[in-house]
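There are 2 protein chains.
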Amino acid sequence: MNKFFSETAENAKTSAVREILKIAQSPDIISFGGGLPSPDAFPVEEMKAVAVDTLTESGYKTMQYGTTEGLVPLRNLIVDLMDKRSVKTGVGNIVITTGSQQGLNLTGKVFINPGDKIACESPTYLAAISAFKPYKPEFCEVDMDEEGMRMDALEALLSKEKIKIIYTIPDFQNPTGRTMTVERRKEMLRLATKYDVLIIEDSPYGELAFDGDPMPPIKSFDTEDRVVYLSTFSKIVCPGFRTGWICASEEILNKYITLKQGLDLHTNQFSQYMIEKYFTTYDVDAQVDKIIEMYKAKRDAMITAIEEHFPKEINYSKPAGGMFVWAELPEGMDTKEIFTKAVERKVAYVPGGSFYPNKSMDNTLRLNFSNMEIDKIKVGIKILGELFTEEINNR
Amino acid sequence: MNKFFSETAENAKTSAVREILKIAQSPDIISFGGGLPSPDAFPVEEMKAVAVDTLTESGYKTMQYGTTEGLVPLRNLIVDLMDKRSVKTGVGNIVITTGSQQGLNLTGKVFINPGDKIACESPTYLAAISAFKPYKPEFCEVDMDEEGMRMDALEALLSKEKIKIIYTIPDFQNPTGRTMTVERRKEMLRLATKYDVLIIEDSPYGELAFDGDPMPPIKSFDTEDRVVYLSTFSKIVCPGFRTGWICASEEILNKYITLKQGLDLHTNQFSQYMIEKYFTTYDVDAQVDKIIEMYKAKRDAMITAIEEHFPKEINYSKPAGGMFVWAELPEGMDTKEIFTKAVERKVAYVPGGSFYPNKSMDNTLRLNFSNMEIDKIKVGIKILGELFTEEINNR
Chain U
654 MNKFFSETAE
664 NAKTSAVREI
674 LKIAQSPDII
684 SFGGGLPSPD
694 AFPVEEMKAV
704 AVDTLTESGY
714 KTMQYGTTEG
724 LVPLRNLIVD
734 LMDKRSVKTG
744 VGNIVITTGS
754 QQGLNLTGKV
764 FINPGDKIAC
774 ESPTYLAAIS
784 AFKPYKPEFC
794 EVDMDEEGMR
804 MDALEALLSK
814 EKIKIIYTIP
824 DFQNPTGRTM
834 TVERRKEMLR
844 LATKYDVLII
854 EDSPYGELAF
864 DGDPMPPIKS
874 FDTEDRVVYL
884 STFSKIVCPG
894 FRTGWICASE
904 EILNKYITLK
914 QGLDLHTNQF
924 SQYMIEKYFT
934 TYDVDAQVDK
944 IIEMYKAKRD
954 AMITAIEEHF
964 PKEINYSKPA
974 GGMFVWAELP
984 EGMDTKEIFT
994 KAVERKVAYV
1004 PGGSFYPNKS
1014 MDNTLRLNFS
1024 NMEIDKIKVG
1034 IKILGELFTE
1044 EINNR
Chain E
654 MNKFFSETAE
664 NAKTSAVREI
674 LKIAQSPDII
684 SFGGGLPSPD
694 AFPVEEMKAV
704 AVDTLTESGY
714 KTMQYGTTEG
724 LVPLRNLIVD
734 LMDKRSVKTG
744 VGNIVITTGS
754 QQGLNLTGKV
764 FINPGDKIAC
774 ESPTYLAAIS
784 AFKPYKPEFC
794 EVDMDEEGMR
804 MDALEALLSK
814 EKIKIIYTIP
824 DFQNPTGRTM
834 TVERRKEMLR
844 LATKYDVLII
854 EDSPYGELAF
864 DGDPMPPIKS
874 FDTEDRVVYL
884 STFSKIVCPG
894 FRTGWICASE
904 EILNKYITLK
914 QGLDLHTNQF
924 SQYMIEKYFT
934 TYDVDAQVDK
944 IIEMYKAKRD
954 AMITAIEEHF
964 PKEINYSKPA
974 GGMFVWAELP
984 EGMDTKEIFT
994 KAVERKVAYV
1004 PGGSFYPNKS
1014 MDNTLRLNFS
1024 NMEIDKIKVG
1034 IKILGELFTE
1044 EINNR
């Protein structure tokens, strides 16, 4: 029956990363592949009490259809969260999404016409590429350095091409782990205003800052509703509840609401009620501090092991937060080829090529540290270090 | 910032029904407007135990990222449910969706190219129209009678136009409440094979049969993977969990899975675990019987009141299940105009015009009975009967 498929379905290919992660799921493999939070970060016991209290207090409402924009008490809670992140906003500027992934998909639907040009970091978040791609944009990659997207490269692009949208992950970026400085955040907004471009700020990891306070979002400097800000409870509560949000002007959110209707009517009510209850019952700041402490120790273990075992030809990022380290092997090497050998030695990572919408930078890779125990991080990085050393020597 | 909107967003209009339902939400209004299950149908107390047991037994897994196709134990349970519905299938033929609405949206993404022709009942489900519309199909309405879509009208269409998809709600259709006979189900499949057309069978209400056993789905007669079957837990457990499913060939489901990835990665894990636990712990058949008994009494109350109070010029359906009654006023009358007067008298319904993708049959309306108490049904129908009598007399 494949003759019935739409052009979109014909072009939709199972992501290479997805196939790779399937291989890496075997329990005897040390996997730096996925982008999963640590299971130790989830408040499982607390959620038992939260579930019972929620059903006792809010009863059938937690199981009924809800509004597309989301539960008002949860949206009010997010207004407070945004205030902590230095963004002054109101309940009308918040819409609940079924995870940040739905926020990305809706962003594509709301803004992208075929051929529209999107500036993004090079490399950028794989699932954003796949969320936007069905709307047929043209991706324009902007070079990064250790301080995130380079503003000189961005301005060079903006002055040359008619860019409609800048898509950026300023905090502990997926996949590189890099963070944009405050100066660059302000500069990006200045450039966006100068060239009349919309900014999509995607911040799933913003609060997971290991070495100091979280950075102010670009949205916090936005005085003209030019920034659409996406975030999620996936990294500070849990991803299984698929609950995220968008913060933007009411005019923009009206379009998100209308188009979300057709996607899933509304986000899971029970999870919305539970998250709200969890925040009002427990000390979530303390829980986030616990996650930060846990991930920081894992990051330290990974960076220390990399310093010890990776050959000096490999460059890598030293993330100040989040979940990922990025590494670059010498040019011409192919981490997809080396992947097979790594899996034979029972270690997995994500080859970096898929994170570039256009370029083929196959000498790169992403390493996740949040979802692996420290002992295994040490062993796994040692094995990868030995393998990479052999591969570099045998070039 | 509306200059940044995509063409899709420009064309997306807030649904008239949505605005109408907002008006009707005031607690002093007797509303036959929404399509909500009765809150008394939800197993709130049971879910407290289910939530605690789920978190105790499956722990962090209920809060972690999951697979796009959905939880295997839940999909196995759906295989058994499908077997009860006379469809023999396997776990590889089931994908979990974020409500049936996501199933409809994905169906549009997987199959519809701009200009593709879709045959559907006239009238048909409003949210299916809005789910398909962004993919720019042409809707071809097929006349109905009390036994559902008319097969002579369908064949006349198929022989004249190149139809790609038949979209049908054979059981207690939304909005008409009508049910297709077994003979027509078989005939639709025969015609689909003859003219090489795909069938999308949407069955959210199939189990809610008041006057005898549920009908066998069209899918139960399908020997060549020509039918994509959509269903949901919304009407037999609750809609707030946003959990539905698709049953189709693996070849077709692979496309659904790939495209669902970009939509929301996967459906809420906690709800999937809870529904599975609920089914394996409690007697869900008995619960569904309870819902049927409750809705049947409401349907009876509504039909009796209509017989007593509606003027003889109004035709109406007598649904054998589901949640809706459909009524047709004399031609030329406009239920949108009368709606304002009905709301003044504190009763709401949904004007029927929006359920027609092309036609303007503004003399129709939909009445929901599942979400209103029997006393209020009697009062509300009496008020509507008086209003309609006045309006017909004053034509």
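So the protein lines, in turn, are chains U and E. Going by the numbering used here, the letters in the first sequence line up with residues 654 to 1048, in that order. Going by the numbering used here, the letters in the second sequence line up with residues 654 to 1048, in that order. Note that the Cβ used here is the ideal one computed from N, Cα and C, for glycine as well.
- In the DSSP annotation of this structure, the continuous segment of the alpha helix (DSSP H) that includes A704/U starts and ends at V697 to S711.
- Using beta-carbon distances, I905/U counts as an interface residue toward chain E, with a partner under 8 Å.
- Rounded to whole angstroms, the separation of the alpha carbons of N1021/E and S691/E is 11 Å.
- Looking only at I889/U, P867/U and A901/U, the smallest Cα-Cα distance to Y882/U is reached by A901/U.
- The alpha-carbon of P867/U is positioned some 57 Å away from that of D875/E.
- Taking C-alpha positions only, D824/U is separated from S970/U by approximately 13 Å.
- Distance check between G719/E and each of K714/U, K815/U and R671/U places R671/U closest, using alpha-carbon atoms only.
- At a Cβ-Cβ threshold of 8 Å, Y820/E and D796/E do not count as neighbours.
- With respect to the 8 Å criterion, Q717/E and G893/U are classified as neighbours on the basis of their beta carbons.
- Residue G756/U holds the alpha-carbon nearest to the alpha-carbon of Q914/U among L730/U, G756/U and E990/U.
- Scanning its chain for C-beta atoms nearer than 7 Å, with the 5 sequence neighbours on each side dropped, one finds around A958/E the residues I1030, K1031, I1034 and K1035, in chain order.
- As the crow flies, the alpha-carbon of P964/E is around 11 Å from that of P983/E.
- Fewer than three Cβ pairs drawn from the stretch 779-794 of chain E and the stretch 678-694 of chain U lie within less than 8 Å of each other, which leaves the two stretches out of contact.
- S775/E sits in a strand when the DSSP states are folded into three classes.
- Rounded to the nearest angstrom, the gap between the Cα atoms of F695/U and E1026/U is 15 Å.
- Residue state for D798/E is assigned as strand, using DSSP reduced to three classes.
- Note that the C-beta distance between H919/E and T721/E is below 8 Å.
- Counting the other CB atoms within 10 Å of its CB gives R728/U a total of 16 or more, which places it among the buried residues.
- The residue among G1006/E, G752/E, E860/E and G768/E with its C-alpha nearest the C-alpha of S739/E is E860/E.
- Distance from T834/U to E800/U at the Cβ level is roughly 5 Å; contact confirmed, criterion being Cβ atoms closer than 8 Å.
- By the C-beta density criterion, E946/U is exposed, having fewer than 16 other C-beta atoms within 10 angstroms.
- Looking only at L1037/U, T1042/U, T896/U and N1011/U, the smallest Cα-Cα distance to E794/U is reached by N1011/U.
- Cβ contact annotation for F923/E (same chain, cutoff 6 Å, sequence separation greater than five): T715, in chain order.
- The alpha-carbon of R837/E is positioned some 42 Å away from that of N907/U.
- In the three-state reduction of the DSSP assignment, S873/E falls in the helix class, which pools H, G and I.
- Taking a Cβ-Cβ cut-off of 7 Å, the neighbours of F657/E in chain U comprise F764, K817 and L851, given in sequence order.
- Taking CB atoms only, L689/E has a neighbour in chain U less than 8 Å away.
- P1010/U is not bridged by DSSP to any residue.
- The alpha-carbon of K943/U is positioned some 32 Å away from that of C773/U.
- Per DSSP, A980/U is one residue of the beta strand (DSSP E) stretching across F977 to E981.
- For N1021/U, the enclosing beta strand (DSSP E) has its first and last residue at T1017 to N1021.
- Looking at the backbone, the Cα of S1007/U and that of L1037/U are separated by about 20 Å.
- The three-state secondary structure of A950/E, taken from DSSP, is helix.
- A straight line joining the alpha-carbon of L689/E with that of K701/E spans about 22 Å.
- Note on N968/E: under 16 other CB atoms within 10 angstroms of its CB, so exposed under the neighbour-count rule.
- For S679/E, no alpha helix (DSSP H) encloses it, and the DSSP letter there is neither H nor E.
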